[in-house]
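**Student:**
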Amino acid sequence: MSLACHPPADDFIKPRVLRDHGVRIEPLTLAHEDGLRAAAADGELWNIRVTSVPEPQDTRAYIEAALKMRDEGHRLAFAVIDGATGTVLGSTSYHDIVPAIRRVEIGWTWYRLSAQRSHVNTTCKLLMMGHAFDTLNCAVVGWRTDNYNFASRKAIERLGARKDGVIRHHALRRDGTVRDTVMYSMTAGEWPEARAQLLYLRARRG
């Protein structure tokens with residue numbers, strides 16, 4: 016397919032609401048500020064040095080930064096919502112969006128402590144990956160994480176993503192140290208098998 020047939024960037028990253036299995040993912044706005052602050056407070060997640068979870072007083076700035084990046088065309092942040100209660104469970108994003116080569120990455124992902132080790136992350140990834148591959152016709156979806164964020168690395172590997180490599184001395188952590196970044200990806204051809212496995216794992220979890 017010619018690149019000329021691809022939609023423009025502003026259409027490619029158009030905000031949408033995604034729903035499945037009791038979870039709703041909706042574009043992050045300032046209306047989510049209180050809910051996002053409460054989600055981060057469930058486990059005091061900002062104390063984990065290898066994540067980007069905002070401290071309570073920084074929640075509004077976190078959202079404003081995400082909205083600015085959306086306007087610039089390279090990040091689309093979502094609030095993750097419990098469909099039954101409306102409770103904000105966390106946040107996730109498409110980022111490093113490159114429409115010309117049909118590539119997005121999924122990241123800036125975190126969940127309140129009470130939603131961890133549940134079906135929520137699997138459902139979110141099914142929604143995000145499904146939308147990327149099946150609706151946006153992405154050729155590849157990527158992930159990146161701190162070399163020392165072992166929980167994140169295991170979660171990404173459980174999705175069926177392949178490790179591409181490590182970018183050394185790549186980005187600042189919140190404590191001022193510099194991290195190595197581990198890069199992962201999945202191609203469109205690998206998605207059907209990964210989806211089948213994720214659906215199987217979610218069914219087992221219930």
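Heads up: the sequence shown at position 172 corresponds to 187 in the working numbering, and the numbers run straight through without jumps. The beta-carbon is built from N, C-alpha and C at its ideal position, and this holds for glycine as well. Please read these numbers as outputs of a predicted model, since none were measured by experiment.
Please state whether the Cβ-Cβ distance between Leu-91 and Pro-42 is less than 8 Å.
**Tutor:** Mapped onto the sequence shown, residue 91 falls at position 76. Mapped onto the sequence shown, residue 42 falls at position 27. Yes. Within cutoff.
**Student:** Exposed or buried, Arg-85, counting other C-beta atoms within 10 Å across all chains shown (16 or more means buried)?
**Tutor:** To locate residue 85, count along the sequence shown from 1; it is residue 70. With 16 or more Cβ atoms within 10 Å of its Cβ, Arg-85 is classed as buried.
**Student:** My guess is that Arg-118 and Ala-154 are in contact by the Cβ rule of under 8 Å, so how many angstroms apart are they, rounded?
**Tutor:** Indexing the sequence shown from 1 puts residue 118 at position 103. Indexing the sequence shown from 1 puts residue 154 at position 139. The Cβ separation is near 6 Å, so the contact holds.
**Student:** Do the CB positions of Asp-195 and Asn-164 come within less than 8 Å of each other?
**Tutor:** The count along the sequence shown starts at 1 and reaches residue 195 at position 180. The count along the sequence shown starts at 1 and reaches residue 164 at position 149. No, the Cβ-Cβ distance between Asp-195 and Asn-164 is not below 8 Å.
**Student:** Within a Cβ cutoff of 7 Å, which residues of the same chain sit near Lys-178, ignoring the five residues on either side of it in sequence?
**Tutor:** For this step, residue 178 is matched to residue 163 along the sequence shown. Contacts found: Val-197, Tyr-199.
**Student:** Would you mind stating whether His-36 and His-146 have Cβ atoms separated by less than 8 Å?
**Tutor:** Start at 1 with the first residue of the sequence shown, and residue 36 comes out as number 21. Start at 1 with the first residue of the sequence shown, and residue 146 comes out as number 131. No, these two residues do not count as a Cβ contact at 8 Å.
**Student:** Express the C-alpha separation of Ile-28 and Glu-120 in angstroms, rounding to a whole number.
**Tutor:** For the purposes of this step, residue 120 is taken as residue 105 along the sequence shown, with counting starting at 1. For the purposes of this step, residue 28 is taken as residue 13 along the sequence shown, with counting starting at 1. Cα to Cα, Glu-120 sits roughly 12 Å from Ile-28.
**Student:** So what does DSSP say about Ser-167, is it helix, strand or coil?
**Tutor:** Reading the sequence shown from its first residue, position 152 is the one you call residue 167. Three-state result, Ser-167: helix.
**Student:** By DSSP, does Ile-96 sit in helix, in strand, or in coil?
**Tutor:** As a first step, residue 96 must be located in the sequence shown, where it is residue number 81. Reduced to three states, the DSSP call for Ile-96 is strand.
**Student:** At a cut-off of 7 Å, is Thr-124 close to the ligand ADP when judged by its beta-carbon and the heavy atoms of the ligand?
**Tutor:** Of ligands this structure carries none, so the ligand ADP is not represented either.
**Student:** Relative to the C-alpha of Leu-51, which residue among Arg-39, Pro-30, Ile-182, Tyr-126 is closest?
**Tutor:** Locating residue 51 in the sequence shown gives position 36, where the first residue counts as 1. For Leu-51, the nearest C-alpha among the options comes from Tyr-126.
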